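Working notes, structure below.
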Amino acid sequence: MRGFARSVTSYAMPLAALAMAVAVRASGLSVDEGSLSIRIFVGALSSAIMFTTIFVVLDHAEAVAHRVGEPYGTLVLTFAVTAIEVSIIVSMMLHGENNPTLARESVFSTVMITSTGVVGMCLTLGGWRHRKQAIVRQGTSAYLAVLVALTVMTLILPTYTRTTDPGTFSAAQLGFVSVLSVLLYASFVFAQTVRHRDDFIEGQAHHASVRTAPHESISASALLLLIGLIGIVMLAEQVAASVEDALVAYQVTQADSIVGAMIAGLVLMPEAISAIRASLNNELQRGLNVAMGSACATIGLTIPAVAAASLVTGRGLTLGLPEADAVLLILALFICGVSFSNERTTFLTGMVHIVVFFTFVFLIFIP
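When we follow the working numbering, the leftmost residue of the sequence shown carries the number 280, and every step to the right adds one.
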C-alpha cells in the first residue's frame with residue numbers, strides 16, 4: 280500500500296505543480312495587486328506544492344542517474360537545476376524595473392551555499408556517521424580550479440576593469456568573458472565524462488543504497504523529471520517575484536541579496552538533498568560532484584545566459600561583488616582548497632565550512 284501511494288505521488292506531483300503554475304499564471308493572481316489575501320493563500324499553496332514536487336523530482340533524477348551511471352548521472356541533476364536558475368533569473372530580470380544586481384546576488388549565493396553550506400553538511404554528517412571519508416583528490420581539485428577561475432573572472436574582475444563603471448563589463452568584455460566561461464565549462468564536462476572520467480568516480484560506490492523506482496522505466500522517470508522541473512521553474516518564479524514585490528513594498532534595503540539567496544536556495548534544494556544523502560551513504564565523492572558541479576555549472580552557464588539576455592534587451596548588468604562579499608567568497612574558496620588537499624575528511628573539516636556559511640547568511644541581513 281505504501282509503495283502504491285508513493286507511485287501515485289511520483290506521477291501526481293509533477294503534474295500538479297505544472298497545473299498549479301499554469302492556472303495561477305492564466306488567472307493573473309500572481310500579479311493582482313488588489314487581492315492581497317488571495318495572493319498570500321495562492322503563494323502559500325504554490326510553495327507547498329513546489330517543495331513537495333522538489334522531493335519527487337529528486338527521486339526521479341536519482342533513478343535516471345542510477346540507470347545512466349556516474350559521472351553522467353550527476354550531470355542530469357546539475358543541468359536540470361542550472362536550467363531552473365537561468366529561467367528564474369532571466370524572468371525576474373525582466374520583471375518590473377531593471378534589477379542589474381539580481382544575477383550577481385543569485386550566482387554569488389549559489390557558490391556560497393554549495394561551497395560552504397552543502398559541502399559543509401556533507402563533510403560534517405558523513406564524517407560524523409563514518410568517522411573518515413575518502414575523496415578523489417584529482418576530481419575535487421579539478422572542480423575547485425574551474426570554480427576559482429570562473430568566480431574571479433565573473434564576480435571579482437568587473438570591479439577592477441576600467442572601460443566602464445566599477446562592477447560592470449562593457450559589451451565586448453561581457454561577450455568575451457561569457458564565451459570563455461562556456462568554453463571552460465565545456466572543457467571541464469569533457470574531462471569529467473570522457474577524458475579523465477576515473478578522476479570523478481569514487482573507488483567504492485554504494486549504488487545499492489540509492490533510492491530508485493524499479494517499477495518505473497527510465498523514460499517515464501525522465502519525462503516526469505522534465506514535467507516536474509518545468510512546474511518548479513514556473514512556481515519558483517511566481518514565489519520569488521511575490522517576495523521581491525513585498526520586500527520592495529516594505530522598503531527592505533537588502534532586497535536583492537535576500538531574493539538572490541532565496542532563488543539559489545530554492546533551485547539548489549534537490550541537489551543539496553541528493554549530495555547529503557550520498558554523503559550519509561558513504562558516497563562522499565558523489566556528493567561533492569553534485570555540490571561543486573552545481574557551482575561550476577551556475578557560473579559557466581548562468582552568467583553567459585544572463586549576459587546574452589542583458590545584451591539583447593539592453594538592461595544593465597552589474598557583476599562585480601562589493602568588498603565584503605568578495606572577501607567572503609575568497610575565504611570560501613580558500614577553505615575548499617585546504618579541505619580538498621587531503622584524501623580523507625572528518626566532521627571537523629565540515630564544521631569549518633558551516634561556520635563560513637552561517638557568516639554568509641548573517642551578513643545578508645546585517646551587512
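The beta-carbon is built from N, C-alpha and C at its ideal position, and this holds for glycine as well. Just so we're clear, the structure is a prediction, and the values are computed from it rather than from any experiment.
Note: arginine 623 is bridge-paired with Ala413 in the DSSP secondary-structure output.
The distance from the Cβ of leucine 610 to that of valine 635 is about 6 angstroms, consistent with a contact at the 8 angstroms cut-off.
Per the Cβ contact rule, the segment 440 to 453 is not in contact with the segment 385 to 405 (fewer than 3 Cβ pairs under 8 angstroms). For phenylalanine 448, the secondary structure class from DSSP, reduced to helix, strand or coil, is coil. When rounded, the separation of the alpha-carbon atoms in threonine 577 and valine 386 is 7 angstroms. Boundaries of the alpha helix (DSSP H) harbouring isoleucine 614: 602 to 618, taken from the DSSP string. Inclusion of proline 646 and glycine 507 in the CB contact set at 7 angstroms is not warranted, their separation being larger than that value. Per DSSP, alanine 587 is one residue of the alpha helix (DSSP H) stretching across 582 to 592. Counting along the chain, the unbroken alpha helix (DSSP H) around glycine 572 starts and ends at 563 to 576. Around the C-beta of glycine 593, fewer than 16 other C-beta atoms lie within 10 Å, and the residue is accordingly described as exposed. The beta carbon of tyrosine 290 sits closer than 7 angstroms to those of Leu503, all from its chain and outside the five residues before and after it, given in chain order. Nearest in C-alpha terms to alanine 382, of all of Trp407, Ala584 and Leu404, is Ala584. Within the same chain, Val425 come within 6 angstroms of phenylalanine 467 by CB-CB distance, once the 5 residues on both sides are set aside.
Nearest Cα to cysteine 615 within the set Leu598, Glu602, Asp477 and Ile633: Ile633. Short of 6 angstroms from the beta carbon of histidine 475, and not among the five residues preceding or following it, lies no beta carbon of its own chain.
Exposed is the label assigned to serine 306, since fewer than 16 other Cβ atoms lie within 10 Å of its Cβ. Taking a C-beta distance under 7 angstroms as the contact criterion, phenylalanine 626 and glycine 406 qualify as a contact pair. Between the beta-carbon of serine 326 and that of valine 518 there is about 6 angstroms, and that keeps the pair under the 8 angstroms contact cut.
Separation of glutamate 341 and threonine 443 (C-alpha to C-alpha, rounded to the nearest whole angstrom) is 45 angstroms. Per DSSP, reduced to three states, the secondary structure at proline 437 is helical.
With 16 or more other Cβ atoms from the protein chains shown falling within 10 Å of its own Cβ, aspartate 338 counts as buried. The alpha carbon of valine 390 has as its nearest neighbour, out of Pro549, Met513 and Gly544, the alpha carbon of Gly544.
Rounded to whole angstroms, leucine 402 and histidine 409 show a C-alpha spacing of 10 angstroms. Sequence-distant Cβ neighbours of glutamate 364 in its own chain, meaning closer than 6 angstroms and more than five residues away, are Val546 and Thr581.
Alanine 515 places its beta carbon less than 7 angstroms from that of isoleucine 367. Within its own chain, the residues whose Cβ lies closer than 8 angstroms to the Cβ of leucine 324, once the five positions on either side in sequence are excluded, are Met299, listed in chain order. For the pair proline 549 and glutamate 602, the Cα-to-Cα distance works out to about 31 angstroms.
About 17 angstroms separates the CB atoms of valine 427 and aspartate 478; that is not less than 8 angstroms, and the two are not in contact. Residue environment for proline 437: buried (at least 16 other C-beta atoms within 10 angstroms of its C-beta).
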